[in-house]
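Residue numbers (the working numbering), protein chains in the order written: chain A, 18 to 294; chain B, 18 to 294; chain C, 18 to 294; chain D, 18 to 294; chain E, 18 to 294; chain F, 18 to 294.
Ideal Cβ placement from N, Cα and C applies to all residues, glycine included.
All values reported here derive from a predicted model rather than from experimental measurement.
This report refers to the structure that appears directly beneath it.
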């Protein structure tokens, strides 16, 4: 296992700066955003830029854990869905070009008038079938982040998706923080979906139990995302559980902890994780 | 304190049958739906019908605890909002006519593009101000049921509403079941809002903790509404807490337990409550 | 739903006394032990005795909810297994003769050198296949009590048994007390095995949490069986959950509460349950 | 087991009224306060008054479960200690005169400059030795109520007292409510002190968990005493546990629930308990 | 954020030794006791001593996080109160002289015959008004440690104090250990009092749950203070929560863990905290 | 305190390799298996081998924390019991020869037809008396690992053993993981058996709460052993509790975490523990 970062909060920093800095922090992988406006726009990136990136990575012993393309194709406008499809198509092509084995994306929002289970049954096959075929031909895996707001809010949704679309190269970008605050057992999720965990987000959760008793599970402000090591998730326990199912990939720090500036946060979270992996 | 029922599930049974039956079950109050199509349509009910009702109630020693008019005026279409306003206006008039001191209604859904707190701040004063004025002039109290799907999902919402609209005749139709499954402490809610509890719904909650560990707090199917006495709420504790704040009104059984037919459910829940009050 | 009793603790009292007494306590069904030495020895009972029993039941409006034949056929000596088979065979025949639709029995103990899952896979099909065939031909259902000491200790065992032996007339004599003290969610078990619950044992559990912290889950003396209503199980919740899956059968009080004499215990437990069903 | 009441809240009602009223409520025993000013002043009561009392009790089938003399002899002024000693001495004499086998009293407060354990070791033997000798000679048992404010706040204190003063006629007036809100396991206490439970107070506890998260265990207002059946104690479980140690005495309702008037509270609590014992 | 220590347990070690040693342990700040007999007696310290201290601090890059003057002015003898006032007055003067922005003190004990809330209302304004005025004029903040034995045992007390004395330079020396063992949510306290947290004590809590079940919340010995990182507090979570409210000050290790010698304890606790901040 | 390892998983690696490697990982002690086939067969080891071992240890500053001889002498065949006795006898002799003060062994399994308490009472004195005498004469302590499957499953068993065999040189190889998953409070165990903790195993536990709700406490697969720091045990808390009772010995990593290869696991667990001790 090794530590990586999702580059989104550092998108304005040139890769020529970012990569050496990351290497110094003990970061060994980047999950690079490839949508328009990011470091590496999958639809426009030049061969020269790719060559430069490869050199930087080789020089600093950093790899790309995945290409991040967090677009939704259901529960959005037709235009957004079309744009999402194009982004993911381009991301798959770029992954193949770069030799990156995983593209991370999202499962979509509930479609209008349907709940999550209904959207999964009615809409997801049509949306993901062509992308999965393309990904399969390209030797690339598609990994859905289990963001609770999307269609794969909980484990029954996960099971439904993989029963409908059982392709071996379709899986998860597993984020334990979304499970923890919802009261879903993280270890149970790892065990049940052991063949589907392609990529892992390292994100944690801090809770305020006094506030919870006033606003309830559906309320706001009783939990917030924190950096790994700065919440209530047991990272040693999570890491051995991941190892136990044979996972040997990245712990990609997703930095959504408003209490830390981007660089400081990544650096300190990497230190925490590197003390355990 | 006494036991009542919300008549909705028995709306097809004539009052001349319903009232004697209820009295036999130890039911001492009716929360009568007064929207179009119900036993007592507030907009059309005749004097003769009212006289008959009064006679039935006197004969069987049953009172009306409130008129139920569960309409929403935010987060719905303009037409629905207008119709809701008319229904509540009519309900207030009918309450005055009948000498019933409370009309139960709802707090509305979140308005488009706003969350609950924003809807409360932006929209509720305009919606409720005229109705509260009318109710005040009519000697009638308005009580909002704390249905979690509406704008008063949790205690911070409640506080916000009553800070904006502090009229002494604006309060709650307090339903503990909505709090319990959300993890909100019922006794804390009673204590904090002791001056606002005008009416109480008796409804309970049954949970499946194994399912919860899979689907999480936001998921479906880990809890369901049951009849009072058939879930995990401690009714003796709730009753003494209500007494402690000086509440001496109805426990109005809201029957949403799919496991019991209407009559059987009301009868058995009334038996449970009458053993405690 | 109605209240019954497992007659075992009253086996020395003649049916001519027992049945009128039971009827007076609000007991409407008997789960009668039919092994040798009991009220109704399935292998020897005479037509005259059956006629007398029928008359008593008709006179006191009591039915037989099931014939109880708690024999084990694995994890015991060959002689015990043979005797168990004969008892159950005789019980099925007697059930058909009496028009009783259910025979309650046990799932056996782990076979020597095998754990429960292995015993289920290796031994249960051969043991139960012929009995199930016979029961099917006789219009009788076989119900296994989920006693934790037998092969169906927990829900994964239950699932394994019914995958191997899916006959629709093979099911459970569901006892919530065995689940509760083991930390298994009772409602989850009812929901998952809704088509297999043929009969229900009413038994409860009392715990000593200070002792638990010393002796642990595997230790002795931190829990004991009690009568329904005299432990920590929520009976109202359990009853509505059973109703929710369509169960409308017996709650058969199994009296293993050492703190109550047999008659007093049955009578008081029946009072508790009759206040809820 | 049978239901009784501690008469304190009804001390202004003449026994000639109180006893018939109590009998009608299903109350079978009185724990009568015998300090000056109460129904039965142990130091002044006349033979005539006792005769009248005996007649009332015989007529209404009510007994005296104990004489209540809740005086403290440590942690108070010398005058209070002296008065306490005299009251208890008189109570013992009256108990013998009446044929009542138990006098209920208190364990004293911590002495100045000592904590509870120190007070028990240093002061209790001298205080209780002469009273226990007198009680032993009089055939009367002394029972200390485990009020948390006194020296026997918790189980280690109980053990210390009975190691120092092991007289078989020295025991407890066991009140589960004091244990419950302190987080002490009630069943564990019953099991460990099974030979010391001479009398039982039926009192319950209602809690506000949101308040607890703000004010903490030491804070005020997160719990309050309620009537039995109107709090979170499982009375069926407690009753079978008491039976299990052989207790067959009174459940004496101590009415400290501010939400119920005296008579109504006793009546409803008696109904709850009589449905279980 | 940076790590500091409260110097009390090392008061016999000369500053010329203590400061270099501390710097080597990764300690960046001292909370120096300034009462008579300590390293730096506020009432007698010479300019020369101050100069030497300043030089040592500059040389070893250590600052003073606060002057500690843990005196009480209510619930004590008049003489103690007077002495306390003088100490704090001197501490404020010394803080100004040293350019230290915070003086840590205590909120007093409950006054005789009053509980904490009553003492706060009746006595605290008179006690703290003059000191706060002086502190304000001196550019110094007063911070009360929330020791549970003092008047600010819980959050309702905190709120009462700051409503009575709302000066912006009046706040808390926030110690999470006092909250944790009392069952008060630490994160809730940080959020609610975010403008009042001037200084933070790093202290932890170890619990014995088996003992708790015997002695209860009020009992002795079920919890004890430990060094940060050696108890059940989640320090990463606490640190991000402090950052979230904008706290960027000291984590001042208060060493009350009887299991570690002074130096070893400070050193190991500093290592734990420095791995997180 | 210092970190050690139980060498079992590395038994095929020569000590000349193992010891330098261990020293590099921050490991300061070995718990060496001395049964036939291990690094150091107590029954056959030559003086030359011992000399070599001593030299290696001196050179790399590693000591032997104990000789491990995990044999059982009850609940096994006579042959196994005899062989166990011989192994332990040889281990005691070797310990004396090496100057190692502790031999770790097991408490035996329940004897046929007896439960643990019965086996302890009936069989353990005869089994351990001669070994304890020999150990006492040899200046060696015997320490039983509290493996839950053996006779000392829980604290009541521990107490029974030490009441029967109170020798001061008879104690425990304390493993917190066996207690944790059983729901037994680890700190309570340390406090109660403070004079008996001779050696400590560092092993942790990971749990799957969703699985627990299906399979129950007795079920399989809801917990598994992990390396210290990779489970739910609070190691800082455990370490200060051990220090608190005066324990200053080894934390001997017992590697049963299937998710880590032997060397990697020992190395990472040693890093975790060395950050705390």
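Every beta strand (DSSP E) stretch that sits fully inside the region 27 to 51 of chain C and reaches 3 residues is listed by chain position as 46 to 50. By the neighbour-count criterion, in which a residue is buried when 16 or more other Cβ atoms sit within 10 angstroms of its Cβ, residue 170 of chain E is buried. In the three-state reduction of the DSSP assignment, residue 255 of chain C falls in the helix class, which pools H, G and I. For residue 189 of chain E, the enclosing beta strand (DSSP E) stretches over residues 187 to 191. Shown in chain order are the members of the region 249 to 263 of chain E whose Cβ falls below 7 Å from a Cβ of chain A: 251, 253, 254, 256, 257, 258, 260, 261. The C-beta of residue 205 of chain D comes closer than 8 Å to at least one C-beta of chain C. When DSSP reads this structure, residue 221 of chain A sits in a beta bridge with A:243. Close CB contacts of residue 51 of chain C within its chain, under the 7 Å cut and outside five residues either way in sequence, are with 57, 58, 59, 84, 85, 86, 108, 111 (chain order). Residue 218 of chain B and residue 61 of chain B have their C-alpha atoms some 27 Å from each other. Taking the Cα of residue 162 of chain C as reference, the smallest distance to any Cα among C:215, C:249, C:209, C:203 is reached at C:215. About 4 Å separates the beta carbon of residue 286 of chain F from that of residue 244 of chain F, a gap short enough to meet the 8 Å contact definition. No Cβ of chain A is located within less than 8 Å of the beta carbon of residue 23 of chain B. The closest CA to that of residue 202 of chain D, considering only C:224, C:198, C:220, C:212, is found on C:224. Per DSSP, reduced to three states, the secondary structure at residue 216 of chain B is strand. For a Cβ distance threshold of 8 Å, residue set 227, 230, 231 of chain E lies close to residue 227 of chain C, ordered along the chain. If you compare the alpha carbons of C:103, C:116, C:99, C:92 with that of residue 126 of chain C, the shortest gap goes to C:92. Fewer than three pairs of CB atoms, one per stretch, sit closer than 8 Å, so the region 170 to 189 of chain F makes no contact with the region 147 to 165 of chain A. If you look at residue 161 of chain C, you'll find it in the beta strand (DSSP E) that goes 158 to 162. 8 Å or more divides the Cβ of residue 82 of chain F from the Cβ of residue 207 of chain F. DSSP places residue 83 of chain F within a strand segment (E or B) once states are collapsed to three. Excluding its 5 nearest sequence neighbours in each direction, residue 142 of chain A has C-beta neighbours in its own chain below 8 Å: 181, 182, listed in chain order. Residues of the region 155 to 171 of chain D with a C-beta less than 9 Å from any C-beta of chain E: 165, 170, 171, listed in chain order. Counting the other Cβ atoms within 10 Å of the Cβ of residue 21 of chain A gives 16 or more, which makes it buried. At the C-beta level, residue 77 of chain A and residue 31 of chain A stay beyond 8 Å of one another.
In the DSSP secondary-structure assignment, residue 19 of chain E is bridged to E:267.
In this structure, F:54 is the residue among F:238, F:54, F:234, F:94 with its C-alpha nearest to the C-alpha of residue 27 of chain F.
The Cβ atoms of residue 249 of chain E and residue 261 of chain F do not sit closer than 8 Å to each other. Using a CB distance cut-off of 8 Å, residue 140 of chain E does not count as an interface residue toward chain A. Of all alpha-carbon atoms in F:89, F:156, F:293, F:280, the one lying nearest the alpha-carbon of residue 34 of chain F is that of F:280.
About 6 Å separates the beta carbon of residue 79 of chain C from that of residue 46 of chain C, a gap short enough to meet the 8 Å contact definition. In the DSSP annotation of this structure, residue 91 of chain F is not part of any alpha helix (DSSP H), being labelled neither H nor E.
Around the C-beta of residue 199 of chain B, 16 or more other C-beta atoms lie within 10 Å, and the residue is accordingly described as buried. Distance from the CA of residue 39 of chain D to the CA of residue 265 of chain B, rounded to the nearest whole angstrom, comes to 25 Å. A Cβ-Cβ contact shorter than 8 Å links residue 220 of chain F with residue 242 of chain F.
When the alpha-carbon of residue 160 of chain C is set against those of C:133, C:134, C:123, the nearest one is in C:123. Taking 8 Å as the upper bound for CB-CB distance, residue 43 of chain F and residue 113 of chain F are not in contact here, some 29 Å apart.
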